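Student: Next up is a structure, given as structure tokens.
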Amino acid sequence: MPNCIQDHSKECIGYAEAQILKHQIEELVKKQEADRENNRKDHKEFYERLEFGEKAQAVTQNQLAQILDDTSEIKTDLKDSRKELTTAIEKQNQAITDLQMKPAHKWDMLGKEVLKLVIALVFGIVAAAIGLGAFK
0 MPNCIQDHSK ECIGYAEAQI LKHQIEELVK KQEADRENNR KDHKEFYERL
50 EFGEKAQAVT QNQLAQILDD TSEIKTDLKD SRKELTTAIE KQNQAITDLQ
100 MKPAHKWDML GKEVLKLVIA LVFGIVAAAI GLGAFK
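Per numbering that gives the first Met the number 0, the very first residue in the sequence shown carries number 0; after that it's consecutive.
This is the structure we're talking about:
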């Protein structure tokens, strides 16, 4: 039986190879732990970025919803303002028409009054003629 099997401190080919393999295994374990730590960090960073993106998207969606609400409110206000302006314009147009018709109305009234006076004058002349002829 070889000495290295009975006493591990003695040198033999199997022992040297076992030491090399042991060292390689230790290095692989260290590398695996380092890789795991790097993966943890990378995954943490990835999830943080993903979470940030989700939060940013939620904020953007809230802003979009607010913009849509504001736009709807503005459209309603504009519709109401348009109705009010249309009503005001119609009132102004009627007032302008009334103002334009006032002079014509005054002339119509003046014409009626003159006609009444002429008719009264004619009746007065006829009455005077009849009355004067009756007294002779």
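The beta carbon of each residue, even a glycine, is placed where N, CA and C say it ideally should be. Note that the structure is predicted; figures quoted are calculated from it, not measured.
I need the straight-line Cα distance from M0 to A15, nearest angstrom please.
Tutor: The predicted position of M0 is uncertain, since its pLDDT is 42 and thus under 50; a value taken from the coordinates is nonetheless stated next. So the two alpha carbons sit approximately 17 Å from each other.
Student: Cα separation between K74 and E112?
Tutor: If you take the alpha carbons of K74 and E112, they lie about 56 Å apart.
Student: Cα separation between D79 and E53?
Tutor: Roughly 39 Å between the two C-alpha positions.
Student: Taking just the CA atoms, how far does A57 sit from I24?
Tutor: Taking the straight line from one Cα to the other gives about 48 Å.
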